[in-house]
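Notes to accompany the following structure.
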């Protein structure tokens, strides 16, 4: 005896759907459902840290050409002329310190390279802290430059 097998048809499945609440499976409607989870929180933005407090200590600016590469023409960048008051170019930064402050922006006109290309380069920025030794070298050069200018004007 052979057992009779019966097969469910699509009509039977369609009838089962409303009663059982099952969703009919068709190839076109298969979209994944969104998971039931809480939405993501926005990223936390930290505030920028405060900048460090300025240090009361001042280190001198020691970058200056050596004696043979120091130009003969040192100018005040604001006027394009040599500084008028040589004693006011460098002033003490503190009453009892050995560090001096440059009061003008000093540039030097020099000639560089094998072809002597004219260049104007920064010697000391305005407000730079320099040691007494560097200030003395620059002041000595400024005095010699003023003497040469005075001699050539006679």
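Numbering (the numbering used here), first residue to last: 3 to 156. Backbone N, C-alpha and C fix where the C-beta goes; we use that ideal spot for every residue, glycine too.
Segment limits, alpha helix (DSSP H) that includes residue i
| i | result |
| --- | --- |
| residue 96 | Counting along the chain, residue 96 falls outside any alpha helix (DSSP H), and DSSP gives it neither H nor E. |
Reference residue i; option with closest CA among the options
| i | options | result |
| --- | --- | --- |
| residue 100 | 83, 85, 149, 137 | 137 |
| residue 110 | 75, 128, 50 | 75 |
| residue 127 | 95, 33, 150, 79 | 79 |
| residue 95 | 151, 133, 123, 86 | 133 |
| residue 152 | 86, 139, 35, 48 | 86 |
| residue 81 | 46, 51, 117, 108 | 108 |
| residue 135 | 34, 102, 45 | 102 |
| residue 139 | 33, 46, 92 | 92 |
8 Å Cβ shell around residue i - same chain, five flanking residues per side excluded
| i | result |
| --- | --- |
| residue 88 | 141, 144, 145, 148 |
| residue 83 | 77 |
Residue range of the unbroken beta strand (DSSP E) whose run includes residue i
| i | result |
| --- | --- |
| residue 112 | 108–114 |
Paired residues, beta bridge with residue i - DSSP
| i | result |
| --- | --- |
| residue 2 | It is not possible to answer for residue 2, since the shown part of the chain is limited to 3 through 156. |
| residue 75 | 111 |
| residue 124 | 109 |
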